[in-house]
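Visitor: Start counting at 1 in the sequence shown, then tack on 79, and there's your number in our numbering.
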Amino acid sequence: MLLKRVLEPEIMDSSDEAEAYDAMDHGEVNRRFVDDLLAAVSERVSRLPERTAEGAGTTYLDFLDLGTGTAQIPVELVQRNPAFRCLAVDLAPSMLEFARLNLEFAHVTDRVVLELVDAKRLPYESGRFPIVFSNSLVHHLPDPQPAIAEAARVTEPGGTLFFRDLLRPPDDAAVKRLVQQYAGDETQQQQQLLDDSLRAALSLAEIREIVVGCGFAATTVRTSSDRHWTWIGIKS
Numbered sequence: 080m081l082l083k084r085v086l087e088p089e090i091m092d093s094s095d096e097a098e099a100y101d102a103m104d105h106g107e108v109n110r111r112f113v114d115d116l117l118a119a120v121s122e123r124v125s126r127l128p129e130r131t132a133e134g135a136g137t138t139y140l141d142f143l144d145l146g147t148g149t150a151q152i153p154v155e156l157v158q159r160n161p162a163f164r165c166l167a168v169d170l171a172p173s174m175l176e177f178a179r180l181n182l183e184f185a186h187v188t189d190r191v192v193l194e195l196v197d198a199k200r201l202p203y204e205s206g207r208f209p210i211v212f213s214n215s216l217v218h219h220l221p222d223p224q225p226a227i228a229e230a231a232r233v234t235e236p237g238g239t240l241f242f243r244d245l246l247r248p249p250d251d252a253a254v255k256r257l258v259q260q261y262a263g264d265e266t267q268q269q270q271q272l273l274d275d276s277l278r279a280a281l282s283l284a285e286i287r288e289i290v291v292g293c294g295f296a297a298t299t300v301r302t303s304s305d306r307h308w309t310w311i312g313i314k315s
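Set out below in structure tokens:
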């Protein structure tokens, strides 16, 4: 029997938690996320005009990141292409404080904008964004359906939704194995963060049921690693 889901707090808003999260080594996972995201939107990226040396008249490709945390993925993303811009939102002020530091350190404050926003109630017009993505937001939400529906609403027709999150393990032994494998060298607090997140994660069947309810095929969600699922949806 699959582990029962144990919810985490929806908002990680203590400075200690934000600092511990930001200090964890997410580099490889974040690079793979951006690689896979860009592969999913490669046709859209290929249509961008070549950038002039002066940057004048640049056509930008805009992304929306839901649950950005400390904005490590938007930093990685916009460093890949000077024509990328990202609006990165989160509901935790402490996370956004660390995100601002990360943007300043990477010198990308001109192309990544941070906003304090609830992903379940986005203040943006329908169809505004060509690409909406999210990494590790869903497992924080007691009911992820409103956030998925809102993400679809603000995606333009023909646009791409790219979500990735943890996959709930089948049992306690699997949780312990994954924590040891991927956070064994981290602090006890950081190991506990991963343990809690794995237990709060959805099963493949649960996330598929949600995307089907939002008008997407179940097959658009797949298992993408030993601990992740990935959803790639195209807005009709």
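Here a beta-carbon is modelled for each residue, glycine too, at the ideal position from N, C-alpha and C. All values derive from a computational prediction rather than experimental measurement.
Who are the Cβ neighbours of residue 299 in its own chain at under 7 Å, not counting the five residues just before and after it?
Guide: Closer than 7 Å at the Cβ level, and outside the excluded window around residue 299, lie 290, 310, 311, 312.
Visitor: Going by beta carbon distance, what residues of the same chain come within less than 8 Å of residue 199, once the five residues before and after it are set aside?
Guide: Cβ within range, chain order: 220, 225, 226, 229.
Visitor: Given 8 Å as the limit, is there contact between the segment 270-280 and the segment 190-210, that is, 3 or more CB pairs closer than that?
Guide: Counting Cβ pairs under 8 Å, fewer than three are found: no touch.
Visitor: Alpha carbon to alpha carbon, how far is residue 184 from residue 222? Give it in angstroms, no decimals.
Guide: If I take the Cα positions, the gap works out to 35 Å.
Visitor: Is it true that the CB of residue 245 sits closer than 8 Å to the CB of residue 218?
Guide: Yes, the Cβ-Cβ distance between residue 218 and residue 245 is below 8 Å.
Visitor: Go through the segment 257-287 residue by residue and report every complete run of the beta strand (DSSP E) that reaches 3 residues or more, in order.
Guide: Runs of the beta strand (DSSP E) inside the segment 257-287: none found.
Visitor: Would you say residue 154 and residue 163 are within 8 Å of each other, going by their C-beta atoms?
Guide: Taking 8 Å as the Cβ cut-off, residue 154 and residue 163 do not qualify as a contacting pair.
Visitor: Is it buried or exposed for residue 304, if we count other Cβ within 10 angstroms and need 16 for buried?
Guide: Residue 304 should be labelled exposed.
Visitor: By the three-class DSSP mapping on this structure, what secondary structure does residue 147 have?
Guide: Residue 147: coil per DSSP, three-state reduction.
Visitor: Determine contact between the segment 111-122 and the segment 168-181, defined as no fewer than three beta-carbon pairs at a distance below 8 Å.
Guide: Result no; under three Cβ-Cβ pairs closer than 8 Å.
Visitor: For residue 192, I'd like the list of residues in its chain whose CB is within less than 6 Å of its CB, leaving aside the five on either flank, ordered along the chain.
Guide: These residues qualify, in order along the chain: 166.
Visitor: What do you reckon, are the CB atoms on residue 213 and residue 144 nearer than 8 Å?
Guide: Closer than 8 Å, so yes.
Visitor: Looking at residue 170: is its Cβ nearer than 8 Å to the Cβ of residue 196?
Guide: Yes.
Visitor: Please report the residue range of the alpha helix (DSSP H) in which residue 295 lies.
Guide: Per DSSP, residue 295 belongs to no alpha helix (DSSP H) and is neither H nor E.
Visitor: Closest to residue 141 by C-alpha separation, out of 210, 296, 174, 247, would be which residue?
Guide: Comparing Cα-Cα distances from residue 141 to each of 210, 296, 174, 247, the minimum goes to 210.
Visitor: Note down, in chain order, each residue of its chain lying with its Cβ closer than 8 Å to the Cβ of residue 261, except the 5 sequence neighbours on either side.
Guide: These residues qualify, in order along the chain: 273, 306.
Visitor: With a floor of 4 residues, list each alpha helix (DSSP H) that falls wholly inside the segment 88-143, ordered by position along the chain.
Guide: The qualifying runs are 94-102, 106-119, 121-125.
Visitor: Which word fits residue 93, buried or exposed, when buried means at least 16 other C-beta atoms lie within 10 angstroms of its C-beta?
Guide: With fewer than 16 Cβ atoms within 10 Å of its Cβ, residue 93 is classed as exposed.
Visitor: Let me make sure I understand the geometry here. Which of 248, 302, 88 has the alpha-carbon closest to that of residue 82?
Guide: Ranking the options by Cα distance to residue 82, first place goes to 248.
Visitor: From residue 315 to residue 236, what does the alpha carbon distance come to, in whole angstroms?
Guide: Between residue 315 and residue 236, the C-alpha separation is close to 5 Å.
Visitor: Compare the beta carbon distance of residue 99 and residue 173 with 8 Å and say whether it is the shorter of the two.
Guide: Contact: no.
Visitor: Is residue 164 helix, strand or coil when you go by DSSP?
Guide: If DSSP states are grouped into helix, strand and coil, residue 164 belongs with the strands.
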